[in-house]
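Asks:
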Amino acid sequence: MLFSKNPTSRFLLLTLTFVLLLSFSININASDPTNSEDDSDDLEQLLALDEQEDQLPEDQDQESSSRFSEAEVLSKAQRIVLELNSDNSKRVIDENEFVLLLGYAPWCVRSAELMPQFAEAATSLKELGSPVLMAKLDAERYPKVASLLDIKGFPTLLLFVNGTSLAYTGGFSAEEIVIWARKKTGVPVIRINTVTEAEDFLKKHHMFVIGLFEKFEGSDYKAFIKAAMSDNEIQFAEASNIEVAKLLYPDIRATNFLGIVKSEPERYTAYDGTFEMENILQFLDYNKFPLVTKLTELNSVRVYSSPVKLQVYVFAKADDFKTLLEPLQDVARKFITKLMFIYIDIVDENLAKPFLTLFGLEESKNTLVTAFDNKGSSKYLLQSDPTPSNIEEFCSGLLHGSISTYFKSQPIPDNVRNNASVLAVVGKTFDDLVLNSPKNVLLEVYTPWCINCETTSKQVEKLAKHFKGLDSLIFAKIDASANEHPKLQVDDYPSLFLYKAGDKDNPIKLSTKSGSKELAAFINKQVRQAAKDEL
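Per full-length UniProt numbering, residue 1 is the first one in the sequence shown, and the count goes up by one each step.
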């Protein structure tokens, strides 16, 4: 998991929580010359302390547990996450077969979100008897160590196997971290033999794959195991007793069965393809998400990388979405594996605003339905009320290609009233004022944040006054940050284009580094010469 190193102040509460969590963690002080204890001994002592706590007499345990605050529970989880530093990092990684390392920065919001999940995963792995040592490194405090370990952003998860690093490719909840760590360290599948084991398994896993085989052998079973080892997110379970398996997937009728189970209305989905690893993995990729997925910072990478590239995004306040969720699930059920449905809290600026800005709707507070074709980089907007029937019609149009691509536009300005020498063009007027105009059009393409745009704008104003008496030439400008058009594809700002009458499909790009005299001479030559040629 890798993010850029830009700090943010938006999640102050999460950051404070993160600092609180860090205060409970192991602090191996490398700078203290009197601290000569071996780090592995420290870890063993902490693990022993946890075991002693676990073995308290029942009455004493009940009395103490009643006094446990949430912070104390987190403290216990954090104690088994070893804090690395300049002195111990190499030794810990070299001397342990498996080390799952979290590289973090104290100011990083995503680190703050991941830390409690990582600590919870550490507790679960310890209880399962996993050989994985969980460790963390303050990469900002120990930049040299972070560089040596190839930690380039925050947070970063790496698994070291006998000293060699392996990039983390799993999910970011505690359960997903546990699943990934166990799969990469020798436990890709959990075997369920009894009813009790099945019941216990159901309590721990909200999503899983169940395979039923008469014997744990043969080509189908081998493909199942290969898929379990290749998949990075979902817990696989296997059974040979059909009655035991039915506790996990009630509709099983025969052996050599595979199905995925999720904790949502569309709970059970059976696999009906051939038992080949690639086919099984593809089935999981298309069916692992719920009918409607809530986008978070931690699952965003998984959502964007889904093979379902046509994605419908619903932006709504949390209370409004509660009313919409059930009918939206009914709509989503009709487009399974064809469309992916994603919900974003419209109040969450960090998640919602980047998307809404693409539509010029960043100030919106009411429910919106949009869509993205990630394969073709096209975007769409439901421009009617977001009722279930309208959403379904919108989705059907997406699949059949009958919905027009959305291009954002500012409101149409009144150039006449403004008496503008340089006409303001927006997305909605680009065809009329530029492409369909019988006149030559010199267009300035700018953005408000462009450093050099102001200078170019002043040049264009001067040129517009200079050529004021030339009726065959119009000067215009468009804010590319707020307006789009399929035939306006610009990567650098400012840009100047001359759209000549009679050849609007091939605009001439002018150098913005040229002086006013050079630009005037070029325009004069192009426009006046064209007028003479016509005569």
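A virtual CB, placed ideally from N, CA and C, is assigned to each residue, including glycine.
(1) Hey, out of L358, L128, D330 and A371, whose CA is closest to F394's CA?
(2) Are the beta-carbon atoms belonging to V527 and L473 less than 7 Å from one another?
(3) So what's L43 in DSSP terms, helix, strand or just coil?
(4) Which ranges does the beta strand (DSSP E) cover as unbroken runs of at least 3 residues, wholly within the segment 164 to 209, from first to last along the chain?
(5) So, under 8 Å CB-CB, F160 and I225 are touching, yes? Tell me the CB distance rounded to an integer number of Å.
(6) Looking at G170: is its Cβ nearer than 7 Å to the Cβ of E233?
(7) So, using beta-carbon positions, are L84 and A135 closer together than 7 Å?
(8) Along the chain, where does the alpha helix (DSSP H) containing G397 start, and where does it finish?
(9) Between the C-alpha atoms of S64 and R79, what's the straight-line distance to the nearest angstrom?
(10) Could you give the residue range of the beta strand (DSSP E) that holds K500?
(11) Do P155 and L101 count as a contact pair if the criterion is CB distance below 7 Å?
(12) Measure the C-alpha to C-alpha separation of F275 and G376 and round it to an integer number of angstroms.
(13) Please list the segments of the beta strand (DSSP E) lying wholly inside the segment 434 to 512, counting only runs of 3 or more residues, in order along the chain.
(14) So which of D373, Y104 and A420 has the shortest CA-CA distance to Y406?
(15) Can you say whether K183 is buried or exposed, counting buried as having 16 or more other CB atoms within 10 angstroms of its CB?
(16) In three-state terms, what does DSSP make of Q526?
(17) Within a Cβ cutoff of 6 Å, which residues of the same chain sit near P386, ignoring the five residues on either side of it in sequence?
(18) Under a three-way DSSP split, which group does L284 fall into?
(19) Rounded to whole angstroms, what is the Cα-Cα separation between L351 and D471?
(20) Between which residues of its own chain and Y493 is the CB-CB distance below 7 Å, once the five residues before and five after are set aside?
(21) At the level of alpha carbons, what is the spacing between T323 and I280?
(22) Start and end of the alpha helix (DSSP H) containing S378?
(23) Along the chain, where does the alpha helix (DSSP H) containing I242 start, and where does it finish?
(24) If you draw a straight line from the C-alpha of F283 to the C-alpha of Y271, how long is it?
(25) Would you list the residues sitting across from Y104 in a DSSP beta bridge?
(26) Compute the distance between the beta-carbons of P188 and A237, then report whether it is under 7 Å.
(27) Rounding to the nearest angstrom, what Cα-Cα distance links F430 and L496 in this structure?
(28) Which word fits T455, buried or exposed, when buried means at least 16 other C-beta atoms lie within 10 angstroms of its C-beta?
(29) Return the CA-CA distance between V416 and D330, expressed in angstroms with no decimal places.
(30) Are the CB atoms of S240 and F213 nearer to each other than 7 Å?
(31) What number of angstroms, rounded off, separates the C-alpha of V81 from the C-alpha of A119?
(32) Tell me which same chain residues have a C-beta within less than 7 Å of the C-beta of P507, skipping the five on either side of it?
(33) Does the separation of the CB atoms of L339 and L310 fall below 7 Å?
(34) Please state whether DSSP places I260 in a helix, a strand or coil.
(35) Report buried or exposed for T512, applying the criterion of at least 16 other Cβ atoms within 10 angstroms of its Cβ.
(36) Check G211 in the structure and name its three-state DSSP category.
Replies: Let me spell this out:
(1) It is A371.
(2) Pairing V527 with L473 gives a Cβ-Cβ distance under 7 Å.
(3) Low local confidence applies: a pLDDT of 43 at L43 is under 50, so the model's placement there is unreliable, and no value is given.
(4) If we require 3 residues or more, the beta strand (DSSP E) runs fully inside the segment 164 to 209 come out as 164 to 167 and 189 to 191.
(5) No, F160 and I225 are not in contact; Cβ-Cβ is about 25 Å, not under 8 Å.
(6) Closer than 7 Å, so yes.
(7) One thing to note: L84 has its Cβ within 7 Å of the Cβ of A135.
(8) Per DSSP, G397 belongs to the alpha helix (DSSP H) from P388 to H400.
(9) Caution is warranted here: a pLDDT of 46 is assigned to S64, below 50, making its placement in the model unreliable, and the coordinate value is therefore given only provisionally. Their Cα atoms are separated by approximately 18 Å.
(10) Unbroken beta strand (DSSP E) run through K500: S495 to K500.
(11) Taking a C-beta distance under 7 Å as the contact criterion, L101 and P155 do not qualify as a contact pair.
(12) Distance from the CA atom of F275 to the CA atom of G376, rounded to whole angstroms, is 32 Å.
(13) Listed in chain order, the complete beta strand (DSSP E) runs (minimum 3 residues) inside the segment 434 to 512 are 440 to 446, 473 to 479, 495 to 500 and 503 to 510.
(14) Minimum Cα distance to Y406 is reached at D373.
(15) By the Cβ neighbour-count rule, K183 is buried, with 16 or more other Cβ atoms within 10 Å of its own.
(16) Here Q526 carries a helix assignment [DSSP, helix/strand/coil].
(17) Excluding residues within five positions, the ones whose Cβ falls inside 6 Å are T367 and V369.
(18) Here L284 sits in helix by DSSP.
(19) For L351 and D471, the gap between their C-alpha atoms comes out near 48 Å.
(20) A distance below 7 Å between beta-carbons, with the five flanking residues on each side excluded, links Y493 to the following residues of its chain, in chain order: V445, Y446, T447, C450, C453 and A480.
(21) Going from the Cα of T323 to the Cα of I280 covers about 35 Å.
(22) Per DSSP, S378 lies in no alpha helix (DSSP H) segment; the continuous beta strand (DSSP E) that holds it begins and ends at S378 to L381.
(23) Note, I242: alpha helix (DSSP H), I242 to L248.
(24) So the alpha carbons of these two residues sit roughly 7 Å apart.
(25) Per DSSP, D138.
(26) No. Outside cutoff.
(27) The C-alpha of F430 lies about 15 Å from the C-alpha of L496.
(28) That one is exposed.
(29) A direct Cα-to-Cα measurement between V416 and D330 gives close to 50 Å.
(30) Yes, these two residues count as a Cβ contact at 7 Å.
(31) Cα to Cα, V81 sits roughly 7 Å from A119.
(32) Answer for P507: F497, L498 and Y499, listed in chain order.
(33) For the 7 Å CB-CB criterion, L339 and L310 form a contact.
(34) For I260, the secondary structure class from DSSP, reduced to helix, strand or coil, is strand.
(35) When all chains shown are included, T512 counts as buried.
(36) The answer is strand: DSSP assigns G211 an E or B state.
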